[in-house]
Amino acid sequence: MILTQEQEMIRDSLRAFAQERLAPFAADWDRNHTFPREALQELAELGALGMVVPEEWGGAGMDYMSLVLALEEIAAGDGATSTIVSVQNSLPCGILNRFGSDAQKEAWLKPLARGEKLGCFCLTEPHVGSDASAIRTSAVREGNEWVLNGVKQFITTGKHADMAIVFAVTDKAAGKKGITCFLVPANAPGYQVGRIEEKMGQKASDTTQILFEDCRIPADAVIGEEGQGYKIALSNLEAGRIGIAAQCLGMARAALEAAVKYAQEREAFGKPIFEHQAVNFRLADMATRLEAARQLVWHAASLKDAGRPCLKEASMAKLFASEMAESVCSDAIQVHGGYGYVSDFPVERIYRDVRVCQIYEGASDIQRLVIGRALAD
Ligand SMILES: CC(C)(COP(=O)(O)OP(=O)(O)OC[C@H]1O[C@@H](n2cnc3c(N)ncnc32)[C@H](O)[C@@H]1OP(=O)(O)O)[C@@H](O)C(=O)NCCC(=O)NCCSC(=O)CCS(=O)O
1 MILTQEQEMI RDSLRAFAQE RLAPFAADWD RNHTFPREAL QELAELGALG
51 MVVPEEWGGA GMDYMSLVLA LEEIAAGDGA TSTIVSVQNS LPCGILNRFG
101 SDAQKEAWLK PLARGEKLGC FCLTEPHVGS DASAIRTSAV REGNEWVLNG
151 VKQFITTGKH ADMAIVFAVT DKAAGKKGIT CFLVPANAPG YQVGRIEEKM
201 GQKASDTTQI LFEDCRIPAD AVIGEEGQGY KIALSNLEAG RIGIAAQCLG
251 MARAALEAAV KYAQEREAFG KPIFEHQAVN FRLADMATRL EAARQLVWHA
301 ASLKDAGRPC LKEASMAKLF ASEMAESVCS DAIQVHGGYG YVSDFPVERI
351 YRDVRVCQIY EGASDIQRLV IGRALAD
């Protein structure tokens with residue numbers, strides 16, 4: 001696939017930004033659990049927080065291909081920052097752009113797309129992850145308000161979000177068609193940030209519980225139509241999964257580049273280990289698997305840009321890219337030997353950061369389930 005001149009320019013400017021403003025700080029942010037607020041502000045100025053949102057709603061009006069190129073570059077600089085950016089683009093911005101009313105877009109999409117506000121996506125619950133239609137958070141209509149009760153789990157940017165897209169049961173008897181999507185400002189009464197998770201990686205990006213205790217929001221806080229929530233969630237996760245796959249490319253590439261550099265510098269048996277065939281072949285395999293994943297990601301993004309169905313292709317891209325990224329990062333550690341296992345070199349952090357990509361926004365087995373179902377069509 002050949003990129004347009006504009007797409008190449010976006011990639012190059014994000015690459016320069018990420019290498020200068022993210023990569024040098026990533027280890028420190030990881031160690032200190034620092035939320036990269038300043039870097040996010042700078043990314044917002046580049047239009048990276050609402051990339052596919054039309055300009056009239058505060059976005060950059062770009063295509064999905066540009067979004068995946070940007071996410072690869074951001075992730076090559078810092079995986080945690082790329083998660084915050086991917087979620088903001090695909091989920092809060094994506095949902096409001098497609099399903100929000102003009103009033104909701106004016107009030108929330110514009111500031112989200114400009115990066116003045118941050119959003120989060122509340123679907124998963126403590127007892128419900130893959131089986132998303134089994135959520136228990138409820139929303140009951142009382143006069144001119146909805147009253148929400150429940151707990152949401154593993155919410156990216158939960159601590160810093162100004163608003164949440166929340167999925168709740170409004171009609172239990174209706175099953176999947178009894179779930180509704182709501183726009184909930186973080187300052188709504190009864191909205192509370194709960195436990196902040198201690199994670200293996202991506203420590204600069206916060207992951208929290210969000211608690212709703214008689215949380216009151218106005219009747220017009222429904223996004224789309226009542227009962228349409230499950231469909232809204234699944235259709236947007238499709239784009240989200242392409243974004244996560246793009247992040248995997250960036251993290252794997254950063255690990256591969258670090259491994260090549262190390263192999264060229266480190267000597268054993270009288271020459272750089274890069275010149276030993278065992279190491280060189282390992283690097284060649286890593287590069288090949290990375291490029292194969294990139295083609296899947298670009299293919300899914302190009303289908304999305306063409307307005308064509310891409311449920312299966314998005315799942316294939318996420319499945320393959322996330323599993324490729326873990327194995328490439330593991331191989332990068334192997335090339336570094338003992339130095340790959342300590343934090344003096346970036347591959348130890350990148351390996352921890354990339355592991356969750358096989359879990360969030362639909363675990364690998366869910367992607368297999370989606371792909372497997374499509375084989376019957
Ligand atoms: C496991 C599942 C795939 C099961 O799905 P279902 O069988 O329950 O869903 P369906 O009956 O097939 O679909 C329901 C409804 O939605 C429509 N639909 C589905 N997909 C799409 C789509 N891509 N585009 C448009 N419409 C779609 C479908 O046609 C049906 O409509 P009708 O009823 O026919 O009108 C599913 O539950 C699943 O994907 N589970 C995984 C959930 C998941 O990914 N969770 C992660 C949440 S996000 C997160 O972890 C982190 C967020 S952040 O980082 O903070």
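With the UniProt record's numbering applied, the sequence shown corresponds to residues 1 to 377, in that order. Each residue gets a CB set at the ideal place from its N, CA and C atoms; glycine is no exception.
Terminal residues of the continuous alpha helix (DSSP H) containing Val184? Counting along the chain, Val184 falls outside any alpha helix (DSSP H), though it belongs to the beta strand (DSSP E) covering 179-185.
Segments assigned alpha helix (DSSP H), at least 4 residues, entirely inside the region 89-175: 94-99, 110-113
Beta-carbon contacts of Thr207 that lie in its chain and below 8 Å, excluding the five residues immediately before and after: Phe154, Ile155, Thr156, Gly158, Ile196, Glu197, Lys199
Within the present structure, is the beta-carbon of Leu49 separated from the nearest heavy atom of ligand 1 by less than 6 Å? no
State the beta-bridge partners of Pro218 as determined by DSSP. Glu145
Could you check the C-alpha separation between Ala174 and Val140 for me, to the nearest Å? 14 Å
Tell me the rounded alpha-carbon separation between Leu22 and Pro36. 9 Å
Return yes when at least one heavy atom of ligand 1 lies under 6 Å from the C-beta of Phe121, else no. yes
Can you tell me whether residue 381 is buried or exposed? The criterion is at least 16 other CB atoms within 10 Å of its CB, across all chains shown. This structure cannot settle anything about residue 381, because the visible part of the chain is limited to 1 through 377.
Would you say the beta carbon of Ser322 comes nearer than 6 Å to a heavy atom of ligand 1? no
Run of the alpha helix (DSSP H) containing Tyr230, from where it starts to where it stops: 229-265
Run of the alpha helix (DSSP H) containing Tyr351, from where it starts to where it stops: 347-354
Pro36 by DSSP, collapsed to three states: which one? coil
Ala376, buried or exposed, once every other Cβ within 10 Å from all chains shown has been counted against 16: exposed
How many Å lie between Gly224 and Leu319 at the Cα? 29 Å
When the distance is taken between beta carbons, is Ala252 closer than 7 Å to Val328? yes
Let me confirm a value: Phe269 is counted as buried when at least 16 other C-beta atoms fall within 10 Å, else exposed. Which label applies? exposed
Who are the Cβ neighbours of Ser133 in its own chain at under 8 Å, not counting the five residues just before and after it? Gly175, Lys176, Ile179, Tyr230
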